[in-house]
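The structure under discussion appears below in the form of C-alpha cells.
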Amino acid sequence: MHPALQGLLTIVIGVGACLSYFWASNQFLDRVLFPAKGPNAGRNINRANMIRPWLFLFPALFALSLYLAYPVFETIRLSLTDRVTQPDGTTVYHFVGLGNYIQMSGDPKFWEALWNNMLWLIVVPAMSTAFGLLAAQLTDRISWGNLAKSLIFMPMAISFVGAAVIWKLIYDARPPDAAQIGVLNAIYVSLTGNDPQQWLTVPFWNNFLLMVVLVWIQTGFAMVILSAALRGIPEETIEAAIVDGANPFQIFFKIKVPQIMPTIMVVWTTITLVVLKIFDIVFAMTNGQWGTQVLANYMFNQLFVTRDWGVGSASAMVIMLLVTPILVWNVRQARKEMR
Amino acid sequence: MDNIAGHKSSLTWAVHISVVLLVALWLFPTVGLFVSSFRTADQIASSGWWNAMFPTEQSLTLRTADPDAQVQQGGIYVIEGNLFAVEGREPAPVSTFGISSRDVSAFQPGDTAELRGGGAITIQANGDYRLESAEEITGSRGTRVFVSAEIPPEFTLRNYDTVLGQDVVQRLLMFVGAGLVLWGVARFVLSAQPPVVALGLPVVAGLALVVALAVGFGLSSGAAEGAQTTDDMGRAFLSTLTVTIPATIIPIVVAAFAAYALAWMDFPGRALLIAFVVGLLVVPLQLALIPLLKLHLSFGIGKGYLGVWLAHTGFGLPLAVYLLRNYMVGLPRDIIENARVDGATEFQIFTKIILPLSFPALASFAIFQFLWTWNDLLVAKVFLIDASGQTTVMTNQIVELLGTRGGNWEILATAAFVSIAVPLVVFFAMQRYLVRGLLAGSVK
Chain A
1 MHPALQGLLT
11 IVIGVGACLS
21 YFWASNQFLD
31 RVLFPAKGPN
41 AGRNINRANM
51 IRPWLFLFPA
61 LFALSLYLAY
71 PVFETIRLSL
81 TDRVTQPDGT
91 TVYHFVGLGN
101 YIQMSGDPKF
111 WEALWNNMLW
121 LIVVPAMSTA
131 FGLLAAQLTD
141 RISWGNLAKS
151 LIFMPMAISF
161 VGAAVIWKLI
171 YDARPPDAAQ
181 IGVLNAIYVS
191 LTGNDPQQWL
201 TVPFWNNFLL
211 MVVLVWIQTG
221 FAMVILSAAL
231 RGIPEETIEA
241 AIVDGANPFQ
251 IFFKIKVPQI
261 MPTIMVVWTT
271 ITLVVLKIFD
281 IVFAMTNGQW
291 GTQVLANYMF
301 NQLFVTRDWG
311 VGSASAMVIM
321 LLVTPILVWN
331 VRQARKEMR
Chain B
1 MDNIAGHKSS
11 LTWAVHISVV
21 LLVALWLFPT
31 VGLFVSSFRT
41 ADQIASSGWW
51 NAMFPTEQSL
61 TLRTADPDAQ
71 VQQGGIYVIE
81 GNLFAVEGRE
91 PAPVSTFGIS
101 SRDVSAFQPG
111 DTAELRGGGA
121 ITIQANGDYR
131 LESAEEITGS
141 RGTRVFVSAE
151 IPPEFTLRNY
161 DTVLGQDVVQ
171 RLLMFVGAGL
181 VLWGVARFVL
191 SAQPPVVALG
201 LPVVAGLALV
211 VALAVGFGLS
221 SGAAEGAQTT
231 DDMGRAFLST
241 LTVTIPATII
251 PIVVAAFAAY
261 ALAWMDFPGR
271 ALLIAFVVGL
281 LVVPLQLALI
291 PLLKLHLSFG
301 IGKGYLGVWL
311 AHTGFGLPLA
321 VYLLRNYMVG
331 LPRDIIENAR
341 VDGATEFQIF
351 TKIILPLSFP
361 ALASFAIFQF
371 LWTWNDLLVA
381 KVFLIDASGQ
391 TTVMTNQIVE
401 LLGTRGGNWE
411 ILATAAFVSI
421 AVPLVVFFAM
431 QRYLVRGLLA
441 GSVK
C-alpha cells in the first residue's frame, strides 16, 4: 500500500479510535456502570464523576508515561550497564556500575563536547535575547514594524537542516583564483586580499559560526515575546521618566528592561533548553569535526555509529542533569501559579 | 519639552534605518538560497548570487559543428556557423577566446588562431566562426574552443525539474491556480449560505480539484535529463507529508480531552498531574531514543511510519496538554456551569462548547507540532529510517545531499528550498496563531 494512503488510513483509524474510546467509555460509565436513575441515582452520579476525569486523562497519561517518563528511568539503568552480544546471538546487559561514566570521562571528545556546549549556553541565549530585545524595541516604534517583525521571525519556520544549507552557502570557499560565491569569503577576500578561508575548519572560531545559525533562528522568538512584554509596561512609568528628563537610552535600560526582567528570564531559559539539545545544525554542518562536537551529537555518535549504548545513555544523562535545574524551576513556578 | 520633541525626530530616522538594516541582515541568507535555486550550475560557480541581476563574465567550453558539415571552397575545407547555435545556447557577446585549456583568453574576437592539428579558426564577437583547413578535416566531433562571454542574467526552473521531476513546478502552479479560481467562484456563489458552508465548502472544493488534476494528469512528465536518483526530493516530500499529518492530528485529539479534565474537572491529584506535565515539557527527547527504540523493536513495530507517528505523538503531548489546559482554564466559567445545569453531559460540554471555543489554542499547537515534525531530523533518523533506504524524509535527504553533492549548490539550494517552502507558507498564513501560542506558552 502506498505510504500516503497508509497515513490517511492511520489518521482515520487513530482519530476514530480516540473519539470512539472517549465516547464509548463515557457511555459505559453513564449507562451501564453507574446509571443516573433507580434507587442509587445520586450516589451513582457522584461515583461516575469521580471516575470520568481518569477516562479523559488515560490515553494522554499513558503516552506521556511510556514515551517520556519511563525512558528517563530506563536510560539511568542503561547508563549503568554494558550491552553484550553473546555467542548465541542474544543480547544481555551486564551491570557495570559507573563504568560507562568513567570510560566517558576518559574520552577527550566528551570534554570537547561539554566545553563547546557551555560556550553555546553562554553565547546563544545572550545574543538571541539581546538581538530580540533590540528588534522588539525598534520595531515597536515604527509604522511598518509588524512587517519587519514577521520577516525577522521567519527563520523560526526554517528547519535546522535547511538553515545549515543556507549558512553553508554563506561560509562556502572556492579556490583563490576563482570567484567567491560565499558572502563571508567574498567580503574577506576583497577587504584583506588574503586567500579565502575554509571557515568551518578554523578551530575554536568555527563554533561561533555554528552558533550564528541558531542565533539567527532564535532571535525572532525572543523578539515576539519581549515585544509583547514591552507593550505590557504601564505608560505612566515611562511618562514619569520623560517628565523627569530621562533620555531614550535611560528610559530603555533603567525603566523598561527592569520591568520585563521576568520575561527576559523566561526567554533565556527557553533558548537554553533549545541549546542543550542542539543536534541538527552541528550534524549537518560539521558532524562534530574540527573541534565542534556538542553533547547531543556526541550522544548520537555513541548510539548509532559506535553502537555503545552504555556510554550513549551516560551522555544522555549528562544532558538530563544540565536540564534538571530548569525542570525544577519550571515545576515550582507552575505550582506557585496554581495556588 | 521642545528639545525632547526635536530629539525624537532625528532618533526616528535612526530607528527606521536600523530596522531596515536588521531586516536586511535577517533576510539575506534565505534570499541567497532562494535566488541560487533559480540559477544554473555555471552561473552559481562563476559569480555570487548577489550578482545574479547583473550580466556575468563566464568561461564556456563550446564546439564547432561536426566535420560532416565541412564544405570545399576554392581548394580549402571550411566549416562555418555560430558557436552558440551548436548546443542551442542563448547568444552572448564574446569578449575573448582561446583554443587551449591552458590559455582560454589568448585571442580577441576577430583574431585568427592557428590550430595545432593544422588549420585556423576565426571567431567574431557575435559567436560566428570560420574554420579553415588545407587538409580535409577529420575526427568525429567538432573542434573545441574556449570562450569568455558576457552572459545576461538568466533564471531557470531546470533545478526544480532535476530535484522534483520534469515540469512539476509548472504543473503544480497551474493546478493550484485552477483550484484558487474554483475557490473564488465557490466563495462568490455560496456567499449567502451559513458560514460553515460558505467558508468550508470552497476550500474543500478547491483542494479536491487540485488533487483530482494532479492524479488525472500526473505531476511530472518523467525524470529530468541528468538527474541522479539520489536527487529525488519528490518521494521524500511525500513521506515527510505522511509523517507530519498524523503526527500533528493525533496528539491534538488525545491532549484536548486530557486538558479539559485538568482544567475543568475536580479530582484528587490534579495539581500533581499538572506539575508532572510541566516537568515533562523540558525532558530532552535524547533520553527517549534508546529505550523507545528497544520498546518498538520488542513490540514488533520496528522502524517505520507507525513508530515515528507514536514517537512524535508522545513527544508533542506535554506542550499540547500544557497549552490547551492554560487556554481552557481561561474560558468563562458561566458557560460551562450553565450547560451542566441544563443537563449536558461532560462529553457534550467538551465536544459542543469547549472544543469550538478552544480553536485558537488548537490552531497554535497544530502549527507548532506541524513545524516541529516537518523540520525534524533526529526522530525520523532513529524511528523511521532503516538500512533499506526505502523510507526517508526531506531533512535526511538534504543531509545526504550535503555529503554526495557538497559542491553542487544548484541541487542543494533547490532541495533545501523545496523543504522550506511548505513551512514558510504555513508560517505566513497562520502567524497570528503561532505568536498567540508562543505567548501562552512562555509569558506567565
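These protein sequences, in sequence, are chains A and B. Note that this note's numbering numbers the first sequence so that position 298 is 298, with each residue one more than the last. Note that this note's numbering numbers the second sequence so that position 232 is 232, with each residue one more than the last. Even glycine gets a Cβ: it sits at the ideal position worked out from N, Cα and C. It should be emphasised that the depicted structure is a prediction, and the values quoted were computed from it without experimental measurement.
Requested in this report: Return helix, strand or coil for V282(B), following the three-state DSSP convention.
Outcome: V282(B): coil per DSSP, three-state reduction.
Query raised in the report: Does the separation of the CB atoms of V254(B) and C18(A) fall below 8 Å?
Result: yes
Query raised in the report: Do we get a CB-CB distance below 8 Å when we pair L64(A) with the residues of chain B?
Result: Chain B, which has a Cβ nearer than 8 Å to the Cβ of L64(A), makes this yes.
Query raised in the report: How big is the Cα-Cα spacing for A45(B) and I181(A)?
Result: Straight-line Cα distance between these residues: approximately 7 Å.
Requested in this report: Using alpha carbons as the reference points, say which of M223(A), L321(A), V318(A), N287(A) lies closest to V305(A).
Outcome: N287(A)
Query raised in the report: Based on the DSSP secondary-structure assignment, which residues constitute the bridge partners of Y129(B)?
Result: G81(B), I123(B)
Query raised in the report: Using Cβ-Cβ distances below 8 Å, what residues of the stretch 314–337 of chain A are close to chain B?
Result: A316, M317, I319, M320, V323, I326, L327, N330, V331, Q333, A334, R335, E337
Report task. To the nearest angstrom, report how far apart N301(A) and Q431(B) are at their CA atoms. Result -> Computed Cα separation, rounded: 36 Å.
Query raised in the report: For the stretch 156–177 of chain A, which residues have a CB atom closer than 9 Å to at least one CB atom of chain B, in sequence order?
Result: Within the stretch 156–177 of chain A, the residues whose Cβ lies closer than 9 Å to some Cβ of chain B are M156, A157, I158, S159, F160, V161, G162, A163, A164, V165, I166, W167, K168, L169, I170, D172, R174, listed in chain order.
Query - Rounded C-alpha distance that separates I99(B) from G74(B) - result: 26 Å
Report task. Using 10 angstroms around the beta-carbon of I349(B), count the other beta-carbons present and answer buried if the total reaches 16, otherwise exposed. Result -> buried
Requested in this report: Compute the Euclidean distance between the alpha carbons of T292(A) and V124(A), then round it to the nearest angstrom.
Outcome: Between T292(A) and V124(A), the C-alpha separation is close to 15 Å.
Requested in this report: Return yes when the Cβ of I238(A) is within less than 8 Å of the Cβ of G32(B), no when it is not.
Outcome: Contact flag unset, no.
Report task. Determine the chain A residues that contact T112(B) at a beta-carbon separation under 8 Å, and present them in chain order. Result -> Ordered by position in chain A, no residue passes the 8 Å Cβ test against T112(B), which lies about 29 Å from the chain.
Requested in this report: Look at the Cβ atom of N326(B), then the Cβ atom of A212(B), and state whether they are nearer than 8 Å.
Outcome: No, the pair does not count as a contact, with Cβ atoms beyond the cut-off.
Query raised in the report: To the nearest angstrom, how far is it from the Cα of R335(A) to the Cα of S128(A)?
Result: 29 Å
Requested in this report: Could you pull out every residue in the same chain whose Cβ sits closer than 7 Å to the Cβ of G42(A), ignoring the five residues on either side in sequence?
Outcome: The answer is none, since no qualifying residue turns up.
Report task. Below 7 Å CB to CB, which residues in the same chain sit around F107(B) once its five sequence neighbours on both sides are set aside? Result -> Within the same chain, Cβ atoms closer than 7 Å to the Cβ of F107(B) are found at T96, F97, G98, A113, the five residues on either side in sequence being excluded.
Query raised in the report: Excluding sequence positions up to five away, which residues of its chain have a Cβ less than 8 Å from the Cβ of Q250(A)?
Result: A241
Query raised in the report: Run through DSSP, which three-state label would I51(A) get?
Result: helix
Query - CB contact below 8 Å: E74(A) versus chain B - result: Yes, E74(A) counts as interfacial toward chain B.
Query raised in the report: In the structure shown, what three-state DSSP assignment does D82(A) receive?
Result: D82(A): strand per DSSP, three-state reduction.
**Report entry** Beta carbon of G307(B) nearer than 8 Å to that of L402(B)
**Finding:** The criterion of a C-beta distance shorter than 8 Å is not satisfied by G307(B) and L402(B).
Report task. Could you tell me which residues DSSP pairs with H94(A) in its beta bridges? Result -> H94(A) is bridged to D82(A).
Report task. Can you have a look at M1(B) and say buried or exposed, based on whether 16 or more other CB atoms are within 10 angstroms of its CB? Result -> Residue confidence is low: M1(B) scores 36 on pLDDT, short of 50, so the model does not pin down where it sits. No coordinate-derived value is stated.
**Report entry** Boundaries (first-last residue) of the alpha helix (DSSP H) holding F299(B)
**Finding:** 289–299
Report task. Would you kindly work out how many angstroms separate the C-alpha atoms of I354(B) and M328(B), rounded to a whole number? Result -> 7 Å
Requested in this report: Determine the contact status of L64(A) and P291(B), defining contact as a CB-CB distance below 8 Å.
Outcome: The Cβ atoms of L64(A) and P291(B) do not sit closer than 8 Å to each other.
Query - Whole-angstrom C-beta distance between I398(B) and A380(B), which should lie under 8 Å - result: 12 Å between Cβ atoms; not a contact.
Requested in this report: Reducing DSSP to helix, strand and coil, say where D386(B) ends up.
Outcome: coil
Requested in this report: Just mark T12(B) as buried or exposed, buried being the case when its beta carbon has 16 or more other beta carbons within 10 Å.
Outcome: exposed
Query - Proximal residues of chain A, C-beta to C-beta of A416(B) below 8 Å - result: Think of a sphere of 8 Å around the beta carbon of A416(B): the chain A residues whose beta carbon falls inside it are V161, G162, V165, I166, in chain order.
Query raised in the report: CB M358(A) to CB V72(A), shorter than 8 Å?
Result: The structure shown does not extend to residue 358(A), since chain A spans only 1 to 339, so no value can be given for it.
Report task. For the beta strand (DSSP E) containing I302(B), list its first residue and its last residue. Result -> One point to set straight first is that residue 302(B) is Gly, not Ile, in the sequence displayed. That residue, G302(B), is in no beta strand (DSSP E); it is neither H nor E in DSSP.
Requested in this report: Please go through the same chain and pick out, in chain order, the residues whose beta-carbon is closer than 8 Å to the beta-carbon of T244(B), but skip the five residues on each side of it.
Outcome: Counting only Cβ-Cβ distances below 8 Å, and skipping sequence neighbours, we find F370, T373, W374.
Report task. Would you list the one or two residues that DSSP bridges to V94(B)? Result -> A149(B)
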